[in-house]
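In the order they appear, the protein sequences are chains A and B. Using my numbering, read the first sequence as starting at 7 and increasing by one per residue. Using my numbering, read the second sequence as starting at 9 and increasing by one per residue. Glycine is no exception: its CB is placed at the ideal position from the N, C-alpha and C atoms. All remarks here apply to the structure that follows.
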Amino acid sequence: MNTTNNRYIEDTYERVKSIVKCTASYDKFVYLYDNFSNNVEPTVIYSIGKTYHLQQSILFILAHGTMRLHVNNQEITLNSHSCIFLPAYTTLRIQMKSMETRYMIYRFDPNARTTSSSDMGLYNDNVAAENVYYKRMNDAEFRYIKNHYDELVQALLQKDFKYKQIFVRSYNNIIRAFVINLFNIDSDIKGDAVSRQENLFRRFIDLLNQYASKEREVQFYAEKLGITPKYLSTITNVYSGKNASTWIAEYVVTLAKQLMKEKRCKIQEVSTMLNFPSQSFFGRFFKRTTGISPKRYMLTELK
Amino acid sequence: MQQNNNGPTSKNTNLSCTYLEGKFICADNIDQGTESKVYSNDMICNDHYCCVLAVVQGSMNIVVNGIKLKLKANDYLTIMPYTNIEIKSSRCNIFSMKIEAYILHDIYETIGLSLGVKNGCYTFYHYHLTPRQINILLHDYQQMKRDMSNPSWRYMRVDLVKNRLGAYLAHKSTITDNLEPISHYEDSDSSRLFAQFLELLDENYKTERSVQYYSNRLGVQPKSLSAATVKYTGKTASRVIDEYVTLRIKIVLYNNKHNIKEVSDMFNFASQSFFGRYFKRVAGCSPRKYISINSKKLSKQSGV
């Protein structure tokens, strides 16, 4: 299977850096995207109808227009001045977008922790990926977040800013504090650096990205990480409430659905692309995970 | 607005003040007319508070450490802990911040930036900035003040303010790193002696607390050392040493990472009881009591 089929958000970001208005000067730390000043829509990032497994927390602010999202199997409609916070490992698909949408995106890296005592624990360690936080902001809230966005963009574009990194990190924390207050997330502050477990979990997701179309054994991923399958399951349970085999199965099914829906592949093709020994085996796998057969899925989704 | 009178600012202040748990105070008269007066008791920067004073418009005459200064628009002053400041006359718009040394130290440890050049005491730094630079800092200040008094912030107000200060320090340090502070000490034996003494104290406070040691190292009589400190701080050399050491101990105690025995060893005290008596004599309460007061403050941090 070629890589364009599972073009996930991470790879896409690298490519479109030059197209969209602004990215951070601190790579893989904080990224900002919007379509405010120029009319170039950074839609390349979130193509309509594509499924993305977010690797980083994202704050999505819609200034104008309407959008319908599919977040972790939940249908969400956003109107102007709406704000949605998507923790890392969320599954996101933009279903529909009205004309003339104006939006901005903050993207945080969970590894970018700043101060020990004043760090905001708004990451995978205490915001479960199943939770979806969205809200329509009042004018003051919208102005607050818009101003901070603008200031951050300005700071990032500034050339002679010696302590830019500290500024950006501070603002990053301020925005996170804003999110926590906006959604009333009563988080326990965990100031520690990324734990070994969290690191393993992130690497597991990376491996899934890479190998999901070939390997479906927990054993394979555990070996790659140098841990036992049991420990891998423990870790995924801690961070997502699912065990490793469920993660793999759901991931593969997402890939399969994507292939069927977006690429209009036949079931036979999908089965071969995802390295299943036979079409019937794939059918059983699909049904076990989703509850419906691939054929039914094709019929209902793609009529 | 969180108005309480726990802070060092007097009730009769002419400035509009915003407090954060008595540890952090923003005070300004930016919104008042240009003829505004600032009184001395607005600015008294005693003990372990570090103070920032920026003149946006107008002028003010002050005396810092016995040195007369005329501040004009775009003057920026950082006043380190235990520095005396007195306002003689004023007709200006200013903004100022008073921050407990512990908070600053905490921030210094994590981001490596401080309000002053070093984390010293008994001294001040004076810069002349451009209007644009003052406006950048004023903007950061106003953001900070607004967040501090915003009642809808339910969580992490302290963290928020710390990060606001981080952003402020990033701007401030970017500006002042390229500037030399304006020197106001006259070139005399006593001013050189005072400066050398502060430097030596900063290097040796963990092990040495006797005036004898410092005067020996500086090659002067204890009396002439005290004469120099009295001239600039109004305090004897032994008082300066005690205050400085106690401030450092307080910072360690505040961080709550070490128990009293460890702190006592860290500062080279012969015994824990000797340490306790020393601390009580200078700070006015026992180390244990000091920790219990501050742990109460700390527990409030993540609260409303």
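Find the nearest neighbour of residue i within the set the options, judged by alpha-carbon distance.
| i | options | result |
| --- | --- | --- |
| A255/A | M279/A, E221/A and L98/A | E221/A |
| S246/A | T97/A, I180/A and N153/A | T97/A |
| L61/B | I95/B, S232/B and D167/B | I95/B |
| H134/B | L85/B, R162/B and N276/B | L85/B |
| W245/B | S232/B, T254/B and I257/B | Residue 245/B is actually Ala in this sequence, not Trp. The option with the nearest alpha carbon to A245/B is S232/B. |
| I119/B | Y57/B, N171/B and Q141/B | N171/B |
| I181/A | F132/B, L168/B and V271/B | L168/B |
| D156/A | G289/A, N281/A and L38/A | L38/A |
| K243/B | K258/B, V219/B and C34/B | V219/B |
| R285/B | D148/B, I115/B and T254/B | T254/B |
| L112/B | N82/B, I259/B, Y252/B and A278/B | I259/B |
| D197/B | E207/B, D83/B, N302/B and V228/B | V228/B |
| F103/B | I299/B, V71/B, I142/B and G292/B | I142/B |
| A81/B | V63/B, I70/B and V71/B | V63/B |
If contacts are defined as beta-carbon pairs under 8 angstroms, then residue i and residue j qualify, I think. What distance do you get, rounded to the angstrom?
| i | j | result |
| --- | --- | --- |
| T26/B | M156/B | 5 angstroms |
| A109/B | P89/B | 5 angstroms |
| T57/A | R99/A | 5 angstroms |
| N92/B | Q65/B | Actually they do not touch by this definition, with Cβ atoms about 25 angstroms apart. |
| M266/A | Y237/A | Not a contact, Cβ separation roughly 34 angstroms. |
| W161/B | N78/A | W161/B to N78/A, Cβ: 29 angstroms. No contact. |
| H87/A | F148/A | 5 angstroms |
| S67/B | K78/B | 6 angstroms |
| T296/A | V258/A | Not really, about 11 angstroms apart at Cβ, beyond 8 angstroms. |
| Y109/A | L68/A | 5 angstroms |
| F275/B | I257/B | 6 angstroms |
Over the uninterrupted alpha helix (DSSP H) stretch that includes residue i, give me the two end residues.
| i | result |
| --- | --- |
| L209/B | D197 to N212 |
| A218/A | Run containing A218/A: none; DSSP gives neither H nor E here. |
| V46/B | Run containing V46/B: none; DSSP gives neither H nor E here. |
| H154/A | D145 to L163 |
| E81/A | From DSSP, E81/A is part of no alpha helix (DSSP H) but of the beta strand (DSSP E) over Q80 to L84. |
| Y227/A | V224 to L231 |
| Y149/B | P139 to S157 |
| Q40/B | Segment: none, Q40/B is in no alpha helix (DSSP H) and carries neither H nor E. |
| Y241/A | The amino acid occupying residue 241/A in the given sequence is Ile; Tyr does not appear at that position. Its alpha helix (DSSP H) spans residues P235 to S246. |
| Y5/B | The first residue shown for chain B is 9 and the last is 312, placing residue 5/B beyond what the model contains. |
| A69/A | From DSSP, A69/A is part of no alpha helix (DSSP H) but of the beta strand (DSSP E) over S63 to H70. |
Looking at the unbroken beta strand (DSSP E) that takes in residue i, where does it start and where does it end?
| i | result |
| --- | --- |
| D185/B | No beta strand (DSSP E) contains D185/B, which DSSP labels as neither H nor E. |
| V185/A | Looking at the DSSP string, V185/A is not in any beta strand (DSSP E); the run it does join, the alpha helix (DSSP H), is K170 to L188. |
| L75/A | M73 to V77 |
| F32/B | F32 to D36 |
| Y133/B | F132 to H136 |
| K141/A | Y139 to R142 |
| Q101/A | T97 to K103 |
| Y27/B | S24 to L28 |
| T57/A | T57 to H59 |
| S223/B | That residue, S223/B, is in no beta strand (DSSP E); its alpha helix (DSSP H) goes V219 to L226. |
Going by the beta-carbon positions, is the gap between residue i and residue j smaller than 8 angstroms?
| i | j | result |
| --- | --- | --- |
| Y240/B | G128/B | no |
| A175/B | F173/A | yes |
| Y359/A | A250/A | Outside the shown range of chain A (7 to 309) lies residue 359/A, about which nothing can therefore be said. |
| Y221/B | L209/B | no |
| I190/B | H136/B | yes |
| L92/A | L84/A | no |
| F189/A | K141/A | yes |
| A203/B | Y213/B | no |
| E214/A | L231/A | A quick correction: the sequence has Leu, not Glu, at residue 214/A. The answer is no: Cβ separation not under 8 angstroms. |
| F32/B | I107/B | yes |
| V46/B | S98/B | yes |
| V238/B | Y130/B | no |
| L261/A | S299/A | no |
| L23/B | D36/B | yes |
| Q264/A | S277/A | no |
| L177/B | M152/B | no |
| L145/B | H179/B | yes |
| S294/B | F283/B | no |
| I64/A | I111/A | yes |
| K165/A | D185/B | no |
| V166/B | L28/B | yes |
| Q274/A | I241/A | no |
| I268/B | R289/B | no |
| Y177/A | L158/A | yes |
Along chain D, in chain order, which residues have C-beta atoms closer than 7 angstroms to that of residue i?
| i | result |
| --- | --- |
| T182/B | Of the chains in the structure shown, none is chain D; the protein chains are A and B. |
Write down every uninterrupted run of the alpha helix (DSSP H) in the stretch 251 to 302 of chain B whose length is 4 residues or greater and which is fully enclosed by it, in chain order.
-> Counting whole runs of 4 or more residues, the stretch 251 to 302 of chain B contains the alpha helix (DSSP H) stretches 268 to 274 and 280 to 291.
For the stretch 65 to 124 of chain B, which segments carrying the alpha helix (DSSP H) assignment without a break, of at least 4 residues, lie completely within its bounds, in sequence order?
-> Correct list: 109 to 119.
Which residue spans inside the stretch 257 to 300 of chain A form an unbroken alpha helix (DSSP H) run of at least 4?
-> Runs found: 273 to 279 and 285 to 296.
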